[in-house]
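Residue numbers (this note's numbering): 26 to 247. For each residue, glycine too, the CB sits at the ideal point set by N, CA and C. The structure presented is a predicted model; accordingly, all values stated were derived computationally and were not measured.
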């Protein structure tokens with residue numbers, strides 16, 4: 026696999042300007058963060074990384090990924106983190122019995138190999154996914170064991186660069202919002218967060234990125 030050119034959102038500058046004009050807190054976050062989301066454009070790699078990252082810390086996920094990197098020897102991308110690599114469905118299937126040895130749980134190993142089998146047998150699936158609407162992608166990916174809304178949101182954000190995705194249950198995002206916005210303990214925080222996110226439309230992906238970056242300058246790429 027040749028390393029594809031990284032894609033950056035063509036809406037980024039406009040989105041940052043719009044968000045800054047609506048929200049003074051967001052304006053400050055944006056002014057202090059010059060990074061942008063970049064997409065390598067490989068659906069299978071994004072989904073595998075997201076499955077590995079489910080319900081564990083970014084640090085723990087990177088640790089597992091580095092071990093998979095050593096085992097899988099996948100192709101790296103020179104413009105992404107040193108631990109980043111592409112994964113290939115056929116290689117995953119050949120190494121499936123070793124996944125648990127590098128810290129991937131039995132359930133996650135099953136999810137990943139099941140996904141790898143489907144991608145191997147359906148060569149055009151990646152191209153089909155890219156062309157789908159967000160609703161179609163959600164319906165399609167929810168059919169796979171181990172893929173839920175959070176994983177789909179990571180796919181929409183990091184692989185497809187869709188502009189208005191808000192992973193409301195992401196722990197890092199919630200932590201960043203609590204840090205920068207005045208959320209009182211005695212109020213419905215989830216409702217407050219959703220209400221807050223409404224003013225970030227239609228650029229909630231961009232707002233999410235800046236919030237993530239405010240607590241972790243080296244935000245993980247999926």
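Going by C-alpha distance, which of the options is nearest residue i?
{"i": "residue 239", "options": "223, 200, 72, 94", "result": "200"}
{"i": "residue 235", "options": "40, 84, 172", "result": "40"}
{"i": "residue 142", "options": "69, 224, 223, 81", "result": "69"}
{"i": "residue 181", "options": "198, 197, 171, 160", "result": "160"}
{"i": "residue 60", "options": "37, 51, 72", "result": "37"}
{"i": "residue 197", "options": "87, 241, 123, 88", "result": "241"}
{"i": "residue 171", "options": "92, 72, 158", "result": "72"}
{"i": "residue 139", "options": "122, 118, 148, 149", "result": "118"}
{"i": "residue 43", "options": "237, 232, 111", "result": "232"}
{"i": "residue 92", "options": "114, 57, 123", "result": "123"}
{"i": "residue 136", "options": "194, 52, 217, 121", "result": "121"}
{"i": "residue 173", "options": "57, 195, 82, 152", "result": "195"}
{"i": "residue 202", "options": "223, 224, 237", "result": "237"}
Answer with buried or exposed for residue i, where buried requires no fewer than 16 other C-beta atoms within 10 angstroms of its C-beta.
{"i": "residue 125", "result": "exposed"}
{"i": "residue 26", "result": "Reliability fails at residue 26, whose pLDDT of 46 lies under 50, so the model's placement of it is uncertain and no value is given."}
{"i": "residue 162", "result": "buried"}
{"i": "residue 95", "result": "exposed"}
{"i": "residue 65", "result": "buried"}
{"i": "residue 243", "result": "exposed"}
{"i": "residue 247", "result": "buried"}
{"i": "residue 146", "result": "exposed"}
{"i": "residue 7", "result": "Because the chain spans 26 through 247 in this model, residue 7 falls outside it and cannot be assessed."}
{"i": "residue 112", "result": "buried"}
{"i": "residue 178", "result": "buried"}
{"i": "residue 115", "result": "exposed"}
{"i": "residue 49", "result": "exposed"}
{"i": "residue 86", "result": "buried"}
{"i": "residue 89", "result": "buried"}
{"i": "residue 54", "result": "buried"}
{"i": "residue 216", "result": "exposed"}
{"i": "residue 166", "result": "buried"}
From the DSSP output, which residues share a beta bridge with residue i?
{"i": "residue 45", "result": "Answer is none; residue 45 lacks a bridge partner."}
{"i": "residue 64", "result": "32"}
Segment contact, 8 Å Cβ cut-off, at least three pairs: the stretch 127-142 with the stretch 71-91: yes
Output the residue ranges of the alpha helix (DSSP H) runs that lie fully inside the stretch 157-217 and measure 4 residues or longer, sorted by chain position. 159-166, 174-179, 196-205
Take every Cβ of the stretch 178-192, pair it with every Cβ of the stretch 226-234, and state whether three or more of those distances are shorter than 8 Å. yes
If we count Cβ pairs, one from each stretch, closer than 8 Å, do we get three or more for the stretch 55-64 versus the stretch 31-38? yes
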